[in-house]
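Worksheet: the structure to be examined is printed underneath.
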Amino acid sequence: MVVLSGVNKHFGALHVLQDVDLEIARGEVVVLLGPSGSGKSTLCRTINRLETIDSGAISIDGRPLPAEGKELARLRAEVGMVFQSFNLFAHKTVLENVVLAQVKVRKVAKAEAERTARELLERVGVAAQADKYPAQLSGGQQQRVAIARALAMKPKVMLFDEPTSALDPEMVNEVLEVMRSLAAEGMTMVVVTHEMGFARSAADRVLFMADGRIVEESTPDAFFSAPRTDRAKDFLSKIL
Ligand code: ADP
Ligand code: MG
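Take a look at the structure:
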């Protein structure tokens, strides 16, 4: 579903992604771990072309990600992204937040977009909040709306970049539960998270990044019980 080959990216002199090769299968859940600054967010952002790359190639569902133009906009719509900050439109209601891009980008008729939006809000457990504004919702509810909004684009892949890091602890699980159910329904997912419980239970594969490289790749069981590299051992010793 997602293929990166020989991807390199610099920020000035900083070589932030170094020869990254990665293949993610349809329906696979990949958890991306690594110390702060290792390039996890940049890797996610290159997958939907929020960041350009200097060399290498990226394809989504067999089609190369073009540099620009209509085709890019179409492919980008197939890659949903949920960030640490919820990024909802503050002056739009919850329902409008989920309707908007469907109408603007996907050219879905308004009535159909609303139907889809209500179904998705139901699915993430915030249907009762549909007519409220984001500021009237808890952080966990806002993040679930952000997930519904991304799903409304009918993405083939969902990228989650620390989706629970800005939440109060008691709201983390409600968001992880939505992510778990998506994973169980077969969504292809890339998840950057500090929630090791989620990584252990939901990931098909763990990738560990350090200094812009994927230095370790294994099943969650193998990674957490027997990390192979010193970098991974050091990382785990600090967080577990
Ligand atoms: P992570 O998500 O693993 O913490 P990032 O991908 O955010 O890492 O960042 C990797 C490195 O690239 C860091 O050293 C960071 O400071 C740098 N970086 C990220 N974005 C930019 C940018 N827009 N301009 C310059 N440097 C950046
Ligand atoms: Mg990051």
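In the UniProt record's numbering, the protein residues as written are 1 to 240. Beta carbons: idealized from backbone N, C-alpha and C, even for Gly.
Going by Cα to Cα distance, which pick from the options is closest to residue i?
{"i": "residue 197", "options": "236, 214, 229", "result": "236"}
{"i": "residue 95", "options": "19, 185, 150, 239", "result": "150"}
{"i": "residue 81", "options": "48, 207, 38, 5", "result": "48"}
{"i": "residue 56", "options": "4, 69, 139", "result": "4"}
Measuring straight from C-alpha to C-alpha, what distance separates residue i and residue j?
{"i": "residue 119", "j": "residue 202", "result": "24 Å"}
{"i": "residue 240", "j": "residue 232", "result": "12 Å"}
{"i": "residue 187", "j": "residue 12", "result": "35 Å"}
{"i": "residue 214", "j": "residue 41", "result": "13 Å"}
{"i": "residue 123", "j": "residue 117", "result": "10 Å"}
{"i": "residue 73", "j": "residue 146", "result": "19 Å"}
{"i": "residue 173", "j": "residue 185", "result": "18 Å"}
{"i": "residue 192", "j": "residue 177", "result": "16 Å"}
{"i": "residue 139", "j": "residue 219", "result": "31 Å"}
{"i": "residue 107", "j": "residue 153", "result": "10 Å"}
Identify every residue that forms a DSSP beta bridge with residue i.
{"i": "residue 57", "result": "5"}
{"i": "residue 191", "result": "31, 160"}
{"i": "residue 214", "result": "209"}
{"i": "residue 82", "result": "160"}
{"i": "residue 24", "result": "2"}
What residue range is occupied by the uninterrupted alpha helix (DSSP H) comprising residue i?
{"i": "residue 96", "result": "94-104"}
{"i": "residue 112", "result": "110-123"}
{"i": "residue 183", "result": "169-184"}
{"i": "residue 36", "result": "Here residue 36 belongs to no alpha helix (DSSP H), and DSSP marks it neither H nor E."}
Q | contact_flag[the region 13-22, the region 60-74] where n(CB pairs < 8 Å) is 3 or more | A | Output reads no: the region 60-74 does not touch the region 13-22.
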